[in-house]
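Protein chains in written order, with UniProt numbering: chain H, 1 to 382; chain G, 1 to 356.
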């Protein structure tokens, strides 16, 4: 890099313009996501090189109890040139800025891939008794850029936040994704993606179609009726599958905030069978990266395979939008058939994509005693 | 009249085979005094292991000066553990060995210098570990990839790590070092490591299954079955003494009635010379001091034992023999009898190695 970039606060408009110009950025780095996480102070930051905006970050400031000190959190970000061999030049002005804002520490999640495993490998891993976690399997690919980032972060004094076993407090380090382009960049066809799925998935998609399952998708800003319909089914799913549901207001904020950024940023999808809602999902897309975000399904009429139908509809939509990747989000790294999380992996593996490991979340302590106290507090909270 | 290392041949060979079989890709290390066996014998044994079908294609030596001792006895590749430098013995390698020798390179400038002299050189790149002896940092490793791009004939045979003795698990360090290899963009996926436990090796082979792990093993291979080895000295003379009798180079006097024993094994063999054991305790340090001050403080324990009991040096060891004091009442061995000796194999020069 010719000269070191400078960091300063930018407006949400500038921030959004920068995100729009990117091929890929996490939705957790959009200015709208800051509004979803309204319990934290948010700030849009920009990196400037010779007056030009070359990087951006959404920072969420999480306050420590009782003191006016913050953990500055950049979920799945920042959006900078991670291929740089001089990450120190990018990160030093960031931490200086955050320190001036009262941060005692920084946490970020570089959006770089460190390892990939094919669906076939994951499947074999689950069948192999000696394999307990993804890490026990040699990957199909190791990310060179990811390795450089990890190497440099160690060098710069950042600390990896271990994500052991299940989902830790932060963003998942392991995700399941379906690449929508071949290695040479050509877009895959619907047929090709379908062929990559396992037999059960293909059969279920066909079955749903035969049974007359119809999938509809919201256009533009999500209406309150649609949101209510999704949330009712989601509450039902939460009760059945024993997880704590988020309130309707959370989804309202999310659809409003994200929907205001781009008309197709966030969408709801409904699978209905003879008028009965059997599955509902939320998808998000930023540039060429499409995510499956939330899902819900009915207990009745499971045999019509609404969940498979709605997933297939979302995948087709991502393909039609020219996306590079369809992201089914977090999986745990367990491949132990006795682990309760393995079912989720198996469902995702059926889509024929790949398990992807990111560099994970990293901390930089700014005020060491405060950071230590915070770290201890988080560990105790477990 | 010798200080002898006796090897129970069958048992030793069985152990060697078992270690080689349990460690695919093993690189036996033959350096220094050859762990007491001599370099030549270890080289022949490494060849024998390969002949047994155990896939020992490379032998590691410590220094360039050790190459001539093993080159005729082992037919495979020869890895030199001391990093190559553009001076000294490294530049005097017998040209007939050039194609068999794998150099260890630990500085960026040495990569350039080595390839300038020998464009098709075979070498491994050593990474610096927490041991902080020789090696490239992660940044320096990155710098090597573009150099190699300019030397298409260079033969990079892998990455070398010299880990410190185990203090907890090495795996997190190895993971970091291997991540640095991926980050470097170097095309090699072979890694030569030392001092990993069998469990650590198993775990490494699974999580880095796309890499070839080559364990360098010395002590655990050659000296791993101590029961197969015995060290003996010969009783050369026995003198009965009364309290006050004068004996030895230094004209000491006997403290009480007993016997002076003259046994083979002295400073030339490494007897009585303390190699620090690495035990840093106060007691160990005091013991080292006491042995050093043998003359001043009286008799100290020797490594020779008779009837299972370690005996006292009557005076500091001579070059090839030692004098022991045996108090009255103890069994007195005869001239020609063998007595057991406890030694550090890596610091002892035996007169004879007998493999039976």
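Here a beta-carbon is modelled for each residue, glycine too, at the ideal position from N, C-alpha and C. Keep in mind the model is a prediction, meaning the values are calculated, not measured.
Per the Cβ contact rule, the segment 236 to 246 of chain G is in contact with the segment 255 to 268 of chain G (3 or more Cβ pairs under 8 Å). With respect to residue 24(G), residue 56(G) sits apart: the two C-beta atoms are not nearer than 8 Å.
In this structure, the beta-carbon distance from residue 19(G) to residue 217(G) falls below 8 Å. Closest by C-alpha distance to residue 210(H), out of 139(H), 143(H), 53(H) and 306(H), is 306(H). DSSP places residue 250(H) inside the alpha helix (DSSP H), whose first and last residues are 248 to 261. Scanning the segment 205 to 259 of chain G from its first residue to its last, the whole alpha helix (DSSP H) runs of 4-plus residues come out as 219 to 222. The C-beta of residue 176(G) comes closer than 8 Å to at least one C-beta of chain H. Between the segment 9 to 17 of chain G and the segment 210 to 227 of chain H there are fewer than three inter-stretch CB-CB distances shorter than 8 Å, so the stretches are not counted as touching. In the three-state scheme derived from DSSP, where H, G and I count as helix and E and B as strand, residue 93(H) is classed as helix.
Cβ-Cβ distances below 8 Å link residue 220(G) to 19 in the same chain, with the five nearest sequence neighbours on each side left out; the list follows chain order. With its beta carbon at least 8 Å from every one in chain H, residue 75(G) lies outside the interface. Around the Cβ of residue 255(H), a 10 Å sphere holds 16 or more other Cβ atoms; the residue is buried.
Contact between residue 153(G) and residue 119(G) holds: CB atoms are separated by about 5 Å, below the 8 Å threshold.
Along the length of the segment 43 to 98 of chain H, whole beta strand (DSSP E) runs at least 3 residues long occupy 52 to 63 and 70 to 74, reported in chain order.
Residue 9(G) sits in a helix when the DSSP states are folded into three classes. Going by DSSP, residue 126(H) is part of the alpha helix (DSSP H) stretching over 119 to 127. The continuous stretches of beta strand (DSSP E) do not include residue 136(H), and DSSP gives it neither H nor E. Between residue 136(G) and residue 125(G), the beta carbon gap of about 6 Å places them in contact (Cβ cut-off 8 Å). Setting aside the 5 residues that flank it on each side, residue 76(G) is surrounded in the same chain by 57 and 58, each with a C-beta closer than 6 Å to its C-beta; the list follows chain order.
Residue 316(G) carries a coil assignment under DSSP once its states are collapsed to helix, strand and coil.
The DSSP assignment places 122 to 127 and 155 to 161 as complete runs of the beta strand (DSSP E) inside the segment 111 to 189 of chain G, in order along the chain (cut-off: 3 residues). Residue 19(H) is not a Cβ neighbour of residue 304(H), given a cutoff of 8 Å. Contact check for residue 88(H) against residue 156(H) passes: the beta carbons are separated by less than 8 Å. In the DSSP secondary-structure assignment, residue 330(H) is bridged to 175(H). Between residue 185(H) and residue 179(H), the alpha-carbon positions lie close to 10 Å from each other. For residue 345(G), there is no enclosing alpha helix (DSSP H), since its DSSP letter is neither H nor E. Shortest Cα-Cα distance from residue 248(H) to any of 261(H), 225(H) and 313(H) involves 225(H). Take the alpha-carbon of residue 63(G) and the one of residue 143(G): they are about 26 Å apart. With a beta-carbon spacing of about 7 Å, residue 229(H) and residue 270(H) fall inside the 8 Å limit used to define contacts. Contact between residue 114(H) and residue 359(H) holds: CB atoms are separated by about 5 Å, below the 8 Å threshold. Nearest in C-alpha terms to residue 303(G), of all of 37(G), 270(G), 283(G) and 121(G), is 270(G). In this structure, residue 233(H) sits near residue 277(H), with a CB-CB distance shorter than 8 Å. Taking a C-beta distance under 8 Å as the contact criterion, residue 76(H) and residue 26(H) qualify as a contact pair. In this chain, the alpha helix (DSSP H) harbouring residue 239(H) covers 224 to 241.
Rounded to whole angstroms, residue 116(H) and residue 170(H) show a C-alpha spacing of 20 Å. In the DSSP assignment, no residue is bridged to residue 69(G).
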